[in-house]
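First comes the structure, then the notes that go with it.
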C-alpha cells in the first residue's frame, strides 16, 4: 500500500493544514464559543463526515465528473453561501430564546448536519480532495482508489481529533462568556462568522483549470 515515507509526509502536511486558519476552524470555533463544547464536538463530527464523503467521491471519480462540469463551481458556492446566510439568520433569531433554552434546542444532530452540509457544498473542499490526496498516491504500490480512501480516512480522523480539542477549548470560552451574561455577544459572533464565511464563498474566484 502507501509508502511509509509518503504517509509520514502526508501526516505532516495535514498537520500544517489544520493549524492554518480556514473555514472549518472558523466553523468549529464559532459554534464552540456560542454554544459550548458539545456544539464544537458536533461541528467537528460533521466536518469529518463530509471529509469521508469527499474522499469516496474522489476515489470513485465522482469529484472529477463534477469538476468537469463548468457551472458546478458557481452552483456549489452560491448554495453554500445561501446556507451560511441562513445559519447566520437563525443565530440572530435565537436572540428571543433564553440562553439555557437555546442550548437545549440546538441539538447535537442539527449542528452535525450544519457542519456536514457546509463542508459538502464548499467547492474549495471538493477541489482540495481531488488535488491534494493524489499527490501521496503511488500507482505502483497497489489500488489507487484504496490508497485514496486510506489517506482520506486518515485525514478525517486526524481532523476530528484536532477539531474536538479545538471545540472543547472554544466551548470553555463560551461557558465563561455565558456566565458573564454575554449571550448576545455569542449569538452575534456566530452570526457574523457565518455571514463572513458566506461572503468568502461569494468572493471565491473560479480556478483557471478544473471545476
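Numbering (the numbering used here), first residue to last: -3 to 207.
Idealized CB from N, CA, C, for every residue including glycine.
Boundaries of the alpha helix (DSSP H) harbouring residue 142: 140 to 175, taken from the DSSP string. Annotated three-state conformation of residue -2 is coil, per DSSP. A straight-line Cα-Cα distance of about 15 Å links residue 61 and residue 124.
By the Cβ neighbour-count rule, residue 139 is exposed, with fewer than 16 other Cβ atoms within 10 Å of its own. Of the candidates 51, 119, 36 and 10, the residue whose Cα lies closest to the Cα of residue 164 is 36. Of the candidates 183, 7, 63 and 31, 63 places its Cα closest to the Cα of residue 117. Here residue 32 carries a coil assignment [DSSP, helix/strand/coil]. A distance below 6 Å between beta-carbons, with the five flanking residues on each side excluded, links residue 2 to the following residues of its chain, in chain order: 132. Burial is judged here by how many other beta carbons sit within 10 angstroms of a residue's own beta carbon; residue 76 has at least 16 and is buried.
By the C-beta criterion, the region 153 to 170 is judged to be in contact with the region 17 to 36, since at least 3 inter-stretch pairs fall below 8 Å. Boundaries of the alpha helix (DSSP H) around residue 81: 68 to 89.
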